[in-house]
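Protein chains in written order, with the UniProt record's numbering: chain A, 1 to 226; chain B, 1 to 226. C-beta: ideal position from N, C-alpha, C; glycine also. Fair warning: this is a prediction, and the values are worked out from it, not measured in the lab. Worksheet: one structure, shown below.
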DNA sequence: TTATGTGAAAGCGTTCACAGCC
DNA sequence: GGCTGTGAACGCTTTCACATAA
């Protein structure tokens, strides 16, 4: 009886909505209102919560604090997770400064990069370490979650080292598919890809005119059948 | 006969894999090898491609350049999409400098932010404009795709203005659920959420010991049933 | 013989609709 | 009366397995 992946991916959304409600002093909420705040269907919200247990009261709704605690416990945000960031280019640096990590139960315990220009520089009180010292940094900090923000070419090699050192969760911003052993979780965030998905739909919006036959279009555009 | 969403989300992955293959001088590839490069099952790859047309050769495989052109056309990367970035904090600035947008057929045509400290500053030759001038900037640049990297509190108000100005695709980095009218596509990237999903699985990995009854745990941890 | 393209089957995820409980 | 919790129905996605074509 395990929780479906799709549900797990929504738990953080519920958590944030609940935090926002709590901040506004609301202490009880119905599935309908919470669903609206989270941007999902109310049946879906109830089904999702039912995988965790029966935390609501029929005829009333959910106690905001209590539900928040329960989901938080499930997601693992009751303890603070140490996180290591690898690669401190533009994106890595922005991530290191990003408050959304800290506010959600994560602490950046180390940042590593091979560039001499960056090593020693401090961000939020933590100094950037040489990538060459990764084998010392990971065991020392005990991080099992890593954020990969290296160039695509370097990502796999770094991932291999991280996994060898005991990292079992990787958030990958590098534009490459990582190969990792079973038991290691990877989530990929590809920013260019997100825009491409939007562009696909954009293109369709202009295309209410029926499309030209592919063959004709092809020749005009220079794509040649092999 | 339209293409399933799940397939659309994978097309950019295939595109990147094909580009990488082309760069390495490979001109023909089988579904098995391409699937491996893209990190998916080969049956899935074939089914996905079958929605676009019959671009392979039985007994041989796919012509890399030709397939790349076909997927590119489908995704809309044959033309260059103008994109506007709203919010140039750490994350917005990193996105403005991010090469992955430009290399995939997008061009940052405007950047807006309300902060006087940022207005006028140039990134990649484009100057940051005052958010107050949004009503002038969007029509002038013709952007229909926007990247939102504002604080959560500001996101909805900015989104409303963008939509009113004709933006129909939003990539939302703000930690909030956006309400938009039908016909507008929103993709949300929530970095904290991604880490939380990883943390969920991390927590399970340590939990091979059967869990304590929820009630007991609750009292110890201070969560109180209403 | 080899590898694509695709119906059919299996597996997931979402939504419906209502029984159960406050 | 009102709202949760959930089996059942539905729809989408993935995988299988093989006919089809080079």
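Residue of the options minimising C-alpha distance to residue i
i, options, result
"residue 186 (chain B)", "B:173, B:94 and B:127", "B:173"
"residue 189 (chain A)", "B:201, B:105, B:100 and B:161", "B:100"
"residue 175 (chain B)", "B:8, B:193 and B:201", "B:193"
"residue 141 (chain A)", "A:48, A:83 and A:65", "A:83"
"residue 77 (chain B)", "B:171, B:15 and B:10", "B:15"
"residue 97 (chain A)", "B:191, B:199, B:203 and B:164", "B:191"
"residue 9 (chain A)", "A:71, A:129, A:110 and A:205", "A:71"
"residue 139 (chain A)", "A:168, A:121, A:119 and A:125", "A:168"
"residue 40 (chain A)", "A:56, A:67, A:27 and A:7", "A:7"
"residue 206 (chain A)", "B:131, B:119, B:79 and B:155", "B:79"
"residue 286 (chain A)", "A:29, A:81 and A:49", "A question about residue 286 (chain A) goes unanswered here, because the residues of chain A that appear run from 1 up to 226."
"residue 4 (chain A)", "A:26, A:50 and A:27", "A:50"
Rounded separation between residue i and residue j - CA only
i, j, result
"residue 17 (chain A)", "residue 151 (chain B)", "16 Å"
"residue 58 (chain B)", "residue 37 (chain B)", "20 Å"
"residue 178 (chain B)", "residue 153 (chain A)", "35 Å"
"residue 108 (chain A)", "residue 54 (chain B)", "48 Å"
"residue 32 (chain A)", "residue 42 (chain A)", "5 Å"
"residue 45 (chain A)", "residue 2 (chain A)", "17 Å"
"residue 34 (chain B)", "residue 24 (chain B)", "14 Å"
"residue 201 (chain A)", "residue 157 (chain B)", "23 Å"
"residue 144 (chain B)", "residue 161 (chain A)", "42 Å"
"residue 123 (chain A)", "residue 94 (chain B)", "15 Å"
"residue 69 (chain B)", "residue 21 (chain B)", "13 Å"
"residue 148 (chain B)", "residue 184 (chain B)", "14 Å"
"residue 47 (chain B)", "residue 61 (chain B)", "14 Å"
"residue 203 (chain A)", "residue 195 (chain A)", "12 Å"
"residue 163 (chain B)", "residue 11 (chain A)", "28 Å"
"residue 218 (chain B)", "residue 104 (chain A)", "Annotation note: pLDDT 30 at residue 218 (chain B) (below 50); position unreliable, no value reported."
"residue 197 (chain B)", "residue 73 (chain A)", "13 Å"
"residue 56 (chain B)", "residue 199 (chain A)", "25 Å"
"residue 102 (chain B)", "residue 81 (chain B)", "10 Å"
"residue 121 (chain B)", "residue 130 (chain B)", "11 Å"
"residue 155 (chain A)", "residue 127 (chain B)", "32 Å"
Simplified DSSP state of residue i, which is helix, strand or coil
i, result
"residue 53 (chain A)", "coil"
"residue 187 (chain A)", "strand"
"residue 149 (chain A)", "coil"
"residue 169 (chain B)", "strand"
"residue 82 (chain A)", "strand"
"residue 73 (chain A)", "helix"
"residue 102 (chain B)", "helix"
"residue 93 (chain A)", "helix"
"residue 204 (chain A)", "helix"
"residue 225 (chain B)", "Only weak support exists for where residue 225 (chain B) lies, its pLDDT of 33 falling under 50; the value from the coordinates is given anyway. Residue state, collapsed to three classes: coil."
"residue 29 (chain A)", "strand"
"residue 123 (chain A)", "strand"
"residue 129 (chain A)", "strand"
"residue 3 (chain A)", "coil"
"residue 14 (chain B)", "helix"
"residue 192 (chain B)", "helix"
"residue 109 (chain A)", "strand"
"residue 209 (chain A)", "Model confidence at residue 209 (chain A) stands at a pLDDT of 43, short of 50, so the residue's coordinates are unreliable; what they give is reported in the following sentence. Coil, per DSSP."
"residue 143 (chain A)", "coil"
"residue 182 (chain A)", "coil"
Cβ-heavy atom distance, residue i to the ligand MG, below 8 Å
i, result
"residue 197 (chain A)", "Summarising the ligand content, the structure contains no ligands, and the ligand MG is consequently not present."
Original post:
For the stretch 91 to 103 of chain A, which residues have a CB atom closer than 8 Å to at least one CB atom of chain B, in sequence order?
Top reply: Listed by position, the residues of the stretch 91 to 103 of chain A near chain B (Cβ gap below 8 Å) are 91, 93, 94, 95, 97, 98, 100, 101 and 103.
**OP:** For the stretch 115 to 132 of chain A and the stretch 74 to 94 of chain A, state whether three or more C-beta atom pairs, one from each stretch, are separated by less than 8 Å.
**Re:** yes
Original post:
What residues from the stretch 189 to 209 of chain A come within 8 Å of chain B, judged by C-beta to C-beta, listed N to C?
Top reply: Of all residues in the stretch 189 to 209 of chain A, only 189, 190, 191, 192, 193, 194, 195, 196, 197, 198, 199, 200, 201, 202, 203 and 205 come within less than 8 Å of chain B when Cβ atoms are compared, listed by chain position.
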